[in-house]
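Participant: Going by the numbering used here, the residue at position 195 of the sequence shown is 196; the numbering climbs one at a time, nothing skipped.
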Amino acid sequence: MSENLYKGGPGDKSAPNDVNTDAWFQNLSDHSKERAQDPNSILSQAKNKDIFFCSIPFTQVYSEINGNYQACCFGADSKVSVEDVSLREWMEESEYMNSIRREMLDPNSDLKAVDSICERCRSDERRYGRSRRTNCLKMHTNDHEFWDDIQKSAEMFRATDMWAFEDRICEIQLKVFGSECNLDCYMCMHANSTTRQQAAIKGDVWSDQIFGRLDDRRKEYFKHVTKDRTKGIVDQVIELAPYTRSVKIIGGEPLIMKKQYEMLDALIECGEAKNIRIKYQTNLSKMQAG
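Structural data, given as structure tokens:
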């Protein structure tokens, strides 16, 4: 197997079916150094692989381009829409999220929910010894202030079986602005680019062999994912702004989506913008607002 498939950057000694945690928890606060002495702490159990811990269910609010929530971009579709359940309700009350949090903190868990919802990372770690989970843990556990807040949130959940917004630890990633995009990049899924959809369908370059059948159901899905789902979302993002560490804006091409600028203006007006990082997943071909 080629090394570039399982090498995960400096300090990573992982191999297929063998996650190496040596590079985790190298920059701990004094508080976390004390917690590291307790073999039953979340820190120790994650480091020793006694639990399949991931920081993402404790820190990320994510919805896919179809409007449905997921644990992250690799998580299973929850079938729960942002149009039906608020961001707060999703994070605090959904059994989807709470089931994986519960299992990720239990050394005796059978990981039934994790195996279903987090199948991509489970598979990647068997094949390569690394995954999005391990990459995030390497980063998050070495940011000692961030890790202390994650640890606090996870410990509270372990004690109460409840998750709540409390510290500024959340990243909001919502694909609610549609899939409008100005480019037709060959590596992109058609659902993520209106230009790619038009080029494939109207230009008669669609390949059933490569992409599957272009039937009426597929065309209706394309219409579904281009829908604007921002109604009420900006207000919810502002409500959660005191707990938000970063907002990641994903398209389509976010820099041509006028609605996302309304959200940025609202974050500035509420006074929380100075505390929040903005991330873009963009092609950078358009640099003017709207």
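Each residue gets a CB set at the ideal place from its N, CA and C atoms; glycine is no exception.
Ala242 to Ile277, Cα distance in whole Å?
Facilitator: 8 Å
Participant: Counting C-beta neighbours from all protein chains within 10 Å, is the total for Ser180 16 or more, i.e. buried, or is it exposed?
Facilitator: buried
Participant: Within its chain, find whatever has a CB closer than 6 Å to the CB of Ala274; leave out the 5 residues flanking it on each side and keep chain order.
Facilitator: Exclusion of the five residues before and after Ala274 leaves Leu268 as the residues of its chain whose Cβ lies within less than 6 Å of its Cβ.
Participant: Can you grab the Cα-Cα spacing for the pair Thr231 / Asp23, in whole Å?
Facilitator: 42 Å
Participant: Looking at the unbroken alpha helix (DSSP H) that takes in Lys34, where does it start and where does it end?
Facilitator: 31–36
Participant: Return the CA-CA distance between Gln152 and Val115, expressed in angstroms with no decimal places.
Facilitator: 19 Å
Participant: Report the CB separation of His141 from Ser30 in whole angstroms; it is logged as a contact under 8 Å.
Facilitator: At roughly 13 Å, the Cβ-Cβ gap does not stay under 8 Å, so His141 and Ser30 are not in contact.
Participant: Helix, strand or coil, according to DSSP, for Val62 in the structure here?
Facilitator: In the three-state scheme derived from DSSP, where H, G and I count as helix and E and B as strand, Val62 is classed as strand.
Participant: Let me know the secondary structure DSSP gives Leu88 once reduced to three states.
Facilitator: helix
Participant: Would you call Leu6 buried or exposed, if buried means 16 or more other Cβ atoms sit within 10 Å of its Cβ?
Facilitator: Any reading at Leu6 must be qualified, since the residue scores a pLDDT of 39, below 50, and its modelled position is unreliable; the value itself is stated next. Looking at its Cβ environment, which holds fewer than 16 other Cβ atoms inside 10 Å, Leu6 is exposed.
Participant: Let's test the definition: count the other Cβ atoms within 10 Å of the Cβ of Ile211 and tell me whether it reaches 16, buried, or not, exposed.
Facilitator: Of the residues assessed, Ile211 falls on the exposed side of the cut-off, its CB having fewer than 16 other CB atoms within 10 angstroms.
Participant: On a CA-only basis, which of Asn284, Val248, Ala16, Tyr244 is nearest Arg128? Give me that one, please.
Facilitator: Ala16
Participant: Go ahead and pull the three-state DSSP assignment for Val248.
Facilitator: strand
Participant: Give the DSSP-derived three-state secondary structure of Asn69 in the structure shown.
Facilitator: strand
Participant: Of all the options Ile118, Gly130, Val83, which has the alpha carbon lying nearest to the alpha carbon of Tyr97?
Facilitator: Ile118
Participant: So what's Cys171 in DSSP terms, helix, strand or just coil?
Facilitator: strand
Participant: Is it buried or exposed, Ala165, if we count other Cβ atoms within 10 angstroms and call 16 or more buried?
Facilitator: exposed
Participant: In this structure, how does DSSP classify Lys220 when only helix, strand and coil are distinguished?
Facilitator: helix
Participant: Determine the closest residue to Ile279 out of Glu254, Arg246, Gln289, with distance taken between C-alpha atoms.
Facilitator: Arg246
Participant: Would you say the segment 88–106 touches the segment 132–141, given that touching needs at least three Cβ pairs under 8 Å?
Facilitator: no
Participant: Sort Lys224, Asp185, Thr227 by Cα distance to Trp207 and report the nearest one.
Facilitator: Asp185
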